Amino acid sequence: RISTSYGEATIVTHRETDDTYQISLPFGTAYISSADIIKGQSQDTITAGTIVSTSYGEATVITHRETDSMYQVSLPFGTAYISSADIEKGQSQDTITASPSVVSES
-4 RISTSYGEAT IVTHRETDDT YQISLPFGTA YISSADIIKG QSQDTITAGT IVSTSYGEAT
56 VITHRETDSM YQVSLPFGTA YISSADIEKG QSQDTITASP SVVSES
């Protein structure tokens, strides 16, 4: 498994001539370059109740959806859905920084 800006994926093939990967995502197939693979991302699931920092403020992880590695988080004003590819561990293990992809009011 790899992390991409589209979420978690499985490599199907690698074309060395132009360094292109065919990947399988929960919603279909994509072709990406090696530059599109997110390096250094933890594949560990963030557990419910973990506090994360988002561009919308502090949030709490509610659930993790394994099929596409999306996290549902609770914000003071609503709910955000964040791809695991958008989550980065901060300087301490208790701090996680994320950028929400979609926000809906509760």
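In this text, residue positions in the sequence shown follow the numbering used here: the first is -4, and each later residue adds one.
Every residue, glycine too, gets a C-beta built ideally from N, C-alpha and C.
For clarity, every value in this text was computed on a predicted model and none was experimentally measured.
Would residue i be called buried (16 or more neighbouring beta carbons within 10 Å of its own) or exposed?
i: residue 19; result: exposed
i: residue 44; result: exposed
i: residue 78; result: buried
i: residue 7; result: exposed
Rounded to whole angstroms, what is the Cα-Cα separation between residue i and residue j?
i: residue 27; j: residue 59; result: 25 Å
i: residue 74; j: residue 11; result: 41 Å
i: residue 24; j: residue 40; result: 23 Å
i: residue 3; j: residue -3; result: 6 Å
i: residue 47; j: residue -1; result: 20 Å
i: residue 9; j: residue 22; result: 20 Å
i: residue 68; j: residue 31; result: 25 Å
i: residue 14; j: residue 5; result: 16 Å
i: residue 54; j: residue 16; result: 34 Å
Rank the options by C-alpha distance to the C-alpha of residue i and give the top, closest one.
i: residue 42; options: 1, 64, 32 and 22; result: 64
From the DSSP output, read off the bridge partner residues of residue i.
i: residue -2; result: 3 and 33
Subject >> Complete runs of the beta strand (DSSP E) confined to the segment 2 to 77 [at least 3 residues] >> reply: 2 to 10, 15 to 20, 23 to 28, 46 to 49, 52 to 60 and 65 to 70
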